[in-house]
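Protein chains in written order, with the numbering used here: chain A, 1 to 212; chain B, 213 to 424; chain C, 425 to 636; chain D, 637 to 848.
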């Protein structure tokens, strides 16, 4: 029988937990994690990952609601991680520089998946410069939209397949489910999230106008 | 003449009152209980019910604004409960597991009743999993919409009649009046409320797009 | 030369001033008094009126930003009242039971004036019961819309003329300018304001749908 | 090698810095500076300028995030100012009475640039009186919209050229980028910003209606 020790959590874990808790309060203040939707994680120096426990409200997280998993997604403290843990671990495996992954569940990401087909294209926005590697508004990024799937390994494999074929992206949407983005720190991931939500909002509102 | 004792309220009553007061602050922060609209209740272990007093602003409730009624809706402390008390007691009578009922009065619930006819159908949303008994987005729920009626016993009877015919539901809308949902605790009812308001918001916005 | 005494303000004045300051914070939190728009007043027992000083931000009022005028609108403390003071005093003169007048300047009131012609009709809403004298949703109220006019005595006369012809109303809109409502206390006026803004919001959103 | 002294900052600098920090919190509370967008500045009595450091979140500014530049835009403390510093200095050079410049990056300014061509016209609004030199709603102002350009000297020259040809304006929009406005103090610039954002919001919503 596996034993979990209360002493295995480091100061670094608690620091990252505090960052995720604060990120949750901010994201909830925008209305982007209704009910108990969404999940957040941050990678530690040893490769293990601090991640939100399944089923908690992300705007009212306590330290106890952040748990520790290994890079394969196994619980290291006996708590149950989010069902979508594999989507986090696969991002960390692919991108060595990524240290935080945020998955909100906003009205805008949900509408984007309904209004646009397989992807949403964002171009000619100054705010694209909030994303890594972009230094002019004369840029064009694609955020892919995947069909929702309760089979998370299968969904993770579909994301991997897309990334193998299309290279680096800044985030992706799962239809009816929400949005994933990431960054070199919790702060960087939050900046990407705030920028992309802003741009989804504008594209959705322009979509209505274009249909008139 | 009936006498009301100030000593009949238990610690459990005050705990539930605090939960309803906090729920009111949260619901008001979303704009879902304008003016003095809405009412909230929670069932105690002995079957009596803590419920908001008529006519108070639900975002600024004090302990004194929560009163005690028996399972039939009679005041146990001389205060006057909401006119819609019977809608609460009939939910508690039908569902033994329900311990809290929330009735907000949002723009989205009001618009939903105007835009959709007798019901709104919600399907293919991950957030449906916030509702009890649903574990996949490949689900379909119906939220019925009833005509408003100042005759609350008649309105309660209509709701009962619908439930007899259609079985369990997660909430219902009264046209021009607002929304009712419930749960095994105040927190559960709040989660259902937050999820359903989110989904009403999306359906209303898609309704506009579909008409273009 | 007129002299103003700092001692002429009563405890009642300061109590009303606090109520207007708190009302301003609430109204500003909704976005209904942008820049330095809007003005608020409350009548004292002696018939004089506490009213906001011209040109202050209504979400950040200090006690010093509330001044005293007589029932005709003359300054009693040397400060300069809002340019629209006559619209307040004429409401107080007509309705002896009115003790507070609120004039916000919301997007919804401004849009209402552009989308609807001379009036907006509100009917079949439960929230109408937040207004005095209404006890069923099966009610119909009319909120008149007046053209804006920098000549405030002329504008006040037009309002008076309408009221002489049409009897009691619960509020009115000045096109491109905002909304006036009132009540038997600051709290009552706030309840009317919150209810009417909610209903304007719904009617504006339905107006778009009806045009599709 | 240039040397920067920590002692060169005056009490006036710190006062202005506090005003810009508070302005940032207010502007962010409205959602007008997502991610690290936007920049703000205030002129000191000696002509030097306190301005936000490049790349900081404008809703969470610390004193350390405000730096000092000379009237030509050169750093006086070794920190790196916003890439758009020249747009600030050219406004200060042209308008001796202007003591603060604010550049938010709102959804409404971004949408305005997409929906209207080279300018947005605002007329017949009471709220225009929040702008300097306007004392009646029977006024008409034009807010020009410039194409975005990563070459800031070239963009600044285009703004200068427009102003030479068209005279005084109250603000301008850079497409896909945001909005600039200014005033005789940070408070005045905030009032202009709040008024213009309100009017953009209304014009955008009316634009949709007119297309139906």
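In this text, a Cβ means the ideal position worked out from N, Cα and C, and glycines have one as well.
Asked                                                                                                                                                                                              : Found
Per DSSP, what kind of secondary structure is residue 425 of chain C in: helix, strand or coil?                                                                                                    : For residue 425 of chain C, the predicted model reports a pLDDT of 44, less than 50, meaning its position is unreliable; a value from the coordinates is still stated below. DSSP places residue 425 of chain C in coil when its eight states are reduced to three.
Using a C-beta to C-beta distance shorter than 9 angstroms, which residues of chain C count as neighbours of residue 256 of chain B?                                                               : Those within 9 angstroms of residue 256 of chain B in chain C number zero; the least Cβ separation is about 28 angstroms.
Contact criterion: CB-CB distance below 8 angstroms. Does residue 240 of chain B meet it with respect to chain C?                                                                                  : no
With H, G and I counted as helix, E and B as strand and the rest as coil, what does DSSP make of residue 227 of chain B?                                                                           : helix
Counting only Cβ-Cβ distances shorter than 9 angstroms, please list the residues of the stretch 473-489 of chain C near chain B, keeping chain order.                                              : none
Can you tell which of B:411, B:345 and B:341 has the C-alpha that lies nearest to the C-alpha of residue 355 of chain B?                                                                           : B:411
Using C-beta distances below 8 angstroms, list every residue in its chain close to residue 97 of chain A, excluding the 5 sequence neighbours before and after it, in chain order.                 : 184
Under a Cβ-count criterion, where at least 16 other Cβ atoms within 10 Å of its own Cβ denotes burial, should residue 168 of chain B be classed as buried or exposed?                              : Look at the range of chain B in this structure, 213 to 424, and you will see that residue 168 of chain B is not part of it.
Nearest chain A C-beta to residue 213 of chain B closer than 8 angstroms, yes or no?                                                                                                               : For residue 213 of chain B, the pLDDT reaches just 45, beneath the cut-off of 50, and the residue's location in the model is therefore unreliable, leaving the point undetermined.
What residues from the stretch 140-173 of chain A come within 8 angstroms of chain B, judged by C-beta to C-beta, listed N to C?                                                                   : 148 and 150
If we define contact as Cβ-Cβ less than 8 angstroms, is residue 602 of chain C a contact residue for chain D?                                                                                      : yes
Would you call the stretch 299-309 of chain B and the stretch 254-269 of chain B touching, i.e. three or more CB-CB distances under 8 angstroms?                                                   : yes
Kindly list, in the order they appear in chain B, the residues whose Cβ is closer than 9 angstroms to that of residue 548 of chain C.                                                              : 360, 387 and 388
Suppose the cutoff is 7 angstroms on Cβ atoms and the five residues either side in sequence are ignored; what does the same chain contact list for residue 528 of chain C look like?               : 451, 456, 457, 462, 602, 603 and 617
In whole angstroms, give me the CA-to-CA distance for residue 426 of chain B and residue 201 of chain A.                                                                                           : There is simply no residue 426 of chain B to check, as chain B begins at 213 and stops at 424 in what is shown.
Using 8 angstroms as the threshold, is the stretch 368-381 of chain B in touch with the stretch 167-178 of chain A, meaning 3 or more CB pairs across them?                                        : no
Could you list which residues in chain C have their beta carbon closer than 8 angstroms to that of residue 738 of chain D, in chain order?                                                         : Near residue 738 of chain D there are no residues of chain C at all, since even the closest Cβ is about 13 angstroms away, more than 8 angstroms.
Determine whether the Cβ of residue 233 of chain B lies closer than 8 angstroms to any Cβ atom of chain A.                                                                                         : no
Quick one: is residue 215 of chain A buried, meaning 16 or more other Cβ sit within 10 Å of its Cβ, or exposed?                                                                                    : Look at the range of chain A in this structure, 1 to 212, and you will see that residue 215 of chain A is not part of it.
For residue 294 of chain B and chain C, any beta-carbon pair shorter than 8 angstroms?                                                                                                             : no
I'd like to know whether the C-beta atoms of residue 500 of chain C and residue 490 of chain C end up nearer to each other than 8 angstroms.                                                       : no
At 7 angstroms on the CB atoms, spell out the chain B contacts of residue 626 of chain C, in chain order.                                                                                          : 319, 322 and 323
Between the alpha carbons of residue 255 of chain B and residue 325 of chain B, how many angstroms are there, rounded?                                                                             : 28 angstroms
For residue 286 of chain B and chain A, any beta-carbon pair shorter than 8 angstroms?                                                                                                             : no
Based on DSSP bridge pairs, tell me the residues matched to residue 527 of chain C.                                                                                                                : C:463
For chain D, find out if any of its Cβ atoms is closer than 8 angstroms to the Cβ of residue 116 of chain A; answer yes or no.                                                                     : no
Would you identify the three-state DSSP class for residue 474 of chain C, choosing helix, strand or coil?                                                                                          : strand
Decide if residue 402 of chain B is buried, meaning its Cβ has at least 16 other Cβ atoms within 10 Å, or exposed.                                                                                 : buried
To which residues of the same chain is residue 53 of chain A closer than 6 angstroms at the C-beta, ignoring the five residues directly before and after it?                                       : 65, 67 and 79
In its own chain, which residues sit with a C-beta less than 7 angstroms from the C-beta of residue 655 of chain D, not counting the 5 before and 5 after it?                                      : 678 and 822
Residue 563 of chain C and residue 621 of chain C: beta carbons closer than 8 angstroms?                                                                                                           : no
Assign residue 344 of chain B to one of two classes, buried (16 or more other C-beta atoms within 10 Å of its C-beta) or exposed (fewer than that).                                                : exposed
By the criterion of Cβ-Cβ separation under 9 angstroms, what are the contact partners of residue 825 of chain D in chain A?                                                                        : Going along chain A, no residue has its Cβ under 9 angstroms from residue 825 of chain D, so there is no contact; the nearest lies around 21 angstroms.
In the DSSP output, what is residue 490 of chain C paired with across the bridge?                                                                                                                  : C:476
Consult DSSP for residue 212 of chain A and reduce its assignment to one of helix, strand or coil.                                                                                                 : Its pLDDT being 49, under 50, residue 212 of chain A is placed unreliably in this model, and the value from its coordinates should be taken loosely. Residue 212 of chain A: coil per DSSP, three-state reduction.
Within the same chain, show all residues whose beta-carbon is closer than 8 angstroms to that of residue 248 of chain B, passing over the 5 residues directly before and after it, in chain order. : 267, 268, 269 and 270
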